[in-house]
Amino acid sequence: MADPIDLDHVTSLEREAQSRYAHRALVCSSTACLSAGAAGVRAALESDLEASDRSSDVQVVASGCPGLCSRGPLVRVETRGLEPTLYEHVDDEAASTIAQQHLIEGRERAEVSSIEPSLPFYAKQVKVVLRNAGLIDPDRLEDYVAAGGYRALSNALRTMTPEQVIDEVDASGLRGRGGAGYPTARKWRLLHDAVAAPDQPKYVIANGDEGDPGAYMDRTIMDSDPHLVLEGLSLAAYATGASKGYLYVRAEYPLAIERLERAIRSAKRAKLLGRSVLGSDFAFDVEVRVGAGAFVCGEETALMASIEGRRGLPELRPPYPTERGLWNQPTMINNVETLANIPAIVGDGAAAFAAIGTPESRGTKVFALAGSLENTGLIEVPMGISLREIVFDMGGGIPDGRTFKAAQTGGPSGGCIPEQFLDSPVDYEHLQQLGSMMGSGGLVVMDDSVSMPEVARFYMEFCRDESCGKCAPCRVGTVKMFDFLDRICRGDGRPRDLWHLESLCKTVRATSLCGLGQSAPNPVFSTLDHFRDEYLALLREESLAAPAPAGVVDADSLPTWGDDA
Amino acid sequence: MSLTPPRPGGPRPNVPVILDGEEVLAFDGETILDLARRLGSPIPTLCYLDGLSVHGGCRLCVVEVNGDNRLPLACATPVSSEMDIRTDTSSLRDHRRRVIELLFAEGNHICASCVSSGACELQDLAAENDVDHIHYALEFPRIDVDATHPKYVLDRERCVLCTRCVRVCDEVEGAHVWDIAQRGSQSTLVAELGKPWGDATSCTWCGKCVLVCPTGALSFKGRSTGEMRHDPDVIAFLARLRDEGEWIDREEPAP
Ligand SMILES: Cc1cc2nc3c(=O)[nH]c(=O)nc-3n(C[C@H](O)[C@H](O)[C@H](O)COP(=O)(O)O)c2cc1C
Ligand code: SF4
Ligand code: FES
């Protein structure tokens, strides 16, 4: 049996290998840049280098995502003795220019436009989760190890008890990044204290279902740094006594799936997974499970049903998964980004992590910036940063001479934050106070051309189409809420439609079984709170103004039942 | 999960709770629904059926506990000491009425032409909860009737997706002929992954699904308007006999 990996040895070999190259050219090969042509860029670089006699001087790497996706494909060139350069909008021609001027001729910078590191989009970021994204080859374990990877796991196995690992996570103040912000250590403790049936494992699951429209934080973490997620999951398993893990990834993420599977294979070969992790008596095995792309399968009980091969329907809680989960054994579900924070917390200590962010919301949050912004892409910011800084400094403001109207966070479960709250800090508490929520990290900026009732209709259509249908208020209520919104948006709405819409929203929120239905009305509530005038302006008033013909009763004048809940 | 009053000498209710303002004693482990039914305080239910697993889909049995705005299900929540349970506040009534209206809007519940009129739980729910008008546009689904079974008929336009038939067939009869296909508003009851009922060879013709159907979706063939009578309570009886081991052949030594 082969020995477990020697992390220090691998690191020095890798560093030595890398130091033999004068340049390291990292071509972003994450989903956005790939679809913008990054594969061709890498081929162009490689063939130009082949054609010269300098190819042995340059290491071309298919890297993960450096974040500023709207300017992709991105190529980062690290040259010994120089600050790295991040070339933007690199097409095949620009790739040849970079190869010729920078890599072959050895000029400091090729005549291809590049992104200054001082750009606020980058300067304001604090990287914990994305610290390796764009800097390493996600397909090579050695690259991750050389960047400090698996040290946290190895140290924990040698020097910390599971309880100490949990205490460290507790001290960090980490809260779940999957939406609700539940304290991570509390969940870990529940699983730690739970007892499985004889001969049955306890389970940990990384939730990489990421169904919010427009969100791709988790996808990027998985396809840019798969070992980070594996290490986080392994630490979770060690701390809680779980011996089996699943990475649940939606089928729409083929690249993430491929890279995670490769990461698992290389981690197994290196004895970072398996019956005796790094020679210790901690045993942990991981499998990828591919979801079929239903939003509701991100909900933890539906997710477990899906892993078991059943219909992805939410179930009543309690019992909570930590009491009875996968195959009735205690199970814990953590979001991918939550887990990606763990190696830093356990490796560098809770204090360093807790120093970032606000007292109630520690650490960083990754957001997928989208919508009317100069710069869109992925950012990792300290909790508590203001929305204004994100939108105007990092996002570069609103293009085309338009003005800011609202920022939508939390996707179909969240809400729209209007201009007067641009200075509020972005953390769990404040977003909730504003009628929105952190959600998984989608952040869509809307300019003054956007109609807010239409935004509400868009998200309601999404919820309607994604409702699993198990419970009546969500199954039928989302259809009816959508119908009311659609009627209003088409200019056909009557005042009573608005009244019915609001009362139905309250009922669906109060009575739905799972978070999908409970939060489906949120975009309606928040747009009504902040932009009610837009709804009123769309309503048809004739029905009130014109007197009804004799014998016809105007339905609007009839009393409606009940005081509203 | 017992509707039978405590027998003398058996365990006595000893969990103090407040039910609609009155201090009462509940059995340990009893659900809010069992308690309320035992004490004659009605909570509307639709998907719940004594003897089957809890589904929790109709959401009509929501109650208020300790004034919290999270509304637990009476059918799924065990009582615990000192709970202050309200089963009939004005906001609960509003919520229930709207959910019932939604169910009416979803299907074609035209009582005047329905086999089950007069013996329909949806109809009763509407009457008991003051639903005299549907404020939501009716969907008027058009789904063919499945009359391929020699003895029974399935009219999906009247199905409220309570899954009683699915559960009784799986949990009591052990055949699992039924399940729900598709999702959301497309959800639909199917036999054997989508076969006509008459072709479903796993169907034992036991008729339990028809007995437990709360509406006119499942009925005996040949019944005309208002002639169908269901008998859902028989399941609790069967489940009790099963739990008491009534069908175990006591002559045989245990394996
Ligand atoms: C409809 C619905 C969809 C969800 N989708 C996701 C998802 O895509 N990813 C995720 O991590 N959590 C999702 N969640 C939240 C999970 O149920 C769960 O709370 C989360 O994975 C826990 O991880 P955390 O504690 O690390 O945040 C969803 C919840 C609901 C109700
Ligand atoms: S709230 Fe919607 S998604 Fe959740 S269980 Fe009910 S129908 Fe399914
Ligand atoms: S009876 Fe409780 S949810 Fe249907």
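From first to last, the protein sequence lines stand for chains A and B. Going by numbering that gives the first Met the number 0, the first residue of the first sequence is number 0, and it counts up by one from there. Going by numbering that gives the first Met the number 0, the first residue of the second sequence is number 0, and it counts up by one from there. No residue lacks a Cβ here, since even glycine has one placed at the ideal position from N, Cα and C.
Would you say residue i lies against chain B (beta-carbon separation less than 8 Å)?
i                     : result
residue 463 (chain A) : yes
residue 513 (chain A) : no
residue 297 (chain A) : no
residue 471 (chain A) : yes
residue 354 (chain A) : no
residue 525 (chain A) : no
residue 300 (chain A) : no
residue 509 (chain A) : yes
residue 564 (chain A) : With a pLDDT of only 40 at residue 564 (chain A), under 50, the local geometry of the prediction cannot be trusted, and no value is derived from it.
residue 22 (chain A)  : no
residue 538 (chain A) : no
residue 561 (chain A) : Summary for residue 561 (chain A): the model assigns pLDDT 46, below 50, so the residue's position carries little reliability, and this model does not support an answer.
residue 429 (chain A) : no
residue 499 (chain A) : yes
Can you list the residues of chain A that residue i reaches, using a CB-CB cut of under 7 Å?
i                     : result
residue 105 (chain B) : 475
residue 135 (chain B) : 479
residue 101 (chain B) : 471, 472, 475, 476 and 479
Out of the options, point me to the one whose CA is closest to residue i's CA.
i                     : options                     : result
residue 484 (chain A) : A:509, A:127 and A:538      : A:538
residue 219 (chain A) : A:456, A:430 and A:377      : A:377
residue 246 (chain A) : A:284, A:223 and A:88       : A:284
residue 364 (chain A) : A:370, A:372 and A:338      : A:338
residue 13 (chain A)  : A:103, A:147 and A:62       : A:147
residue 21 (chain B)  : B:43, B:80, B:84 and B:54   : B:84
residue 77 (chain B)  : B:16, B:190 and B:87        : B:16
residue 34 (chain A)  : A:89, A:221, A:155 and A:46 : A:89
residue 64 (chain B)  : B:23, B:45 and B:18         : B:18
residue 196 (chain B) : B:228, B:153 and B:238      : B:153
residue 79 (chain A)  : A:67, A:99, A:108 and A:87  : A:108
residue 194 (chain A) : A:379, A:524 and A:324      : A:324
residue 116 (chain B) : B:226, B:243 and B:250      : B:226
Please confirm whether residue i and residue j have their CB atoms less than 8 Å apart.
i                     : j                     : result
residue 388 (chain A) : residue 123 (chain A) : yes
residue 463 (chain A) : residue 183 (chain B) : yes
residue 177 (chain B) : residue 188 (chain B) : yes
residue 258 (chain A) : residue 137 (chain A) : yes
residue 392 (chain A) : residue 119 (chain A) : yes
residue 404 (chain A) : residue 449 (chain A) : yes
residue 190 (chain A) : residue 239 (chain A) : yes
residue 102 (chain B) : residue 61 (chain B)  : no
residue 214 (chain A) : residue 410 (chain A) : yes
residue 229 (chain A) : residue 269 (chain A) : no
residue 163 (chain B) : residue 472 (chain A) : no
residue 438 (chain A) : residue 413 (chain A) : yes
residue 425 (chain A) : residue 386 (chain A) : yes
residue 202 (chain B) : residue 180 (chain B) : no
residue 16 (chain A)  : residue 26 (chain A)  : no
residue 373 (chain A) : residue 396 (chain A) : yes
residue 114 (chain B) : residue 167 (chain B) : no
residue 295 (chain A) : residue 217 (chain A) : no
Interface residues of chain A around residue i at Cβ under 8 Å?
i                     : result
residue 166 (chain B) : Chain A residues near residue 166 (chain B): none, gap ~13 Å exceeds 8 Å.
residue 56 (chain B)  : 469, 470, 471 and 512
Would residue i pass as an interface residue toward chain A - the criterion being a Cβ-Cβ separation below 8 Å?
i                     : result
residue 94 (chain B)  : yes
residue 75 (chain B)  : yes
residue 78 (chain B)  : no
residue 32 (chain B)  : no
residue 53 (chain B)  : yes
residue 61 (chain B)  : yes
residue 70 (chain B)  : yes
residue 16 (chain B)  : no
residue 160 (chain B) : yes
List the residues of chain B whose Cβ lies closer than 8 Å to the Cβ of residue i, in chain order.
i                     : result
residue 502 (chain A) : 93 and 97
residue 466 (chain A) : 182, 183 and 184
residue 506 (chain A) : 93, 94, 97 and 98
residue 315 (chain A) : 53, 55, 72 and 75
At a CB-CB cut-off below 7 Å, which residues of chain B make contact with residue i?
i                     : result
residue 482 (chain A) : 136
Name, please, each residue of chain A whose Cβ falls closer than 9 Å to the Cβ of residue i.
i                     : result
residue 211 (chain B) : Simply none; closest approach about 18 Å.
Please indicate yes or no: does the CB of residue i lie closer than 7 Å to some heavy atom of ligand 5?
i                     : result
residue 212 (chain B) : Of the ligands this structure carries, namely ligand 1, ligand 2 and ligand 3, none is ligand 5.
Any heavy atom of ligand 2 within less than 5 Å of residue CB: hits in chain order: A:295, A:313, A:466, A:467, A:469, A:470, A:473, A:474, A:511, A:512, A:513, A:515 and A:516
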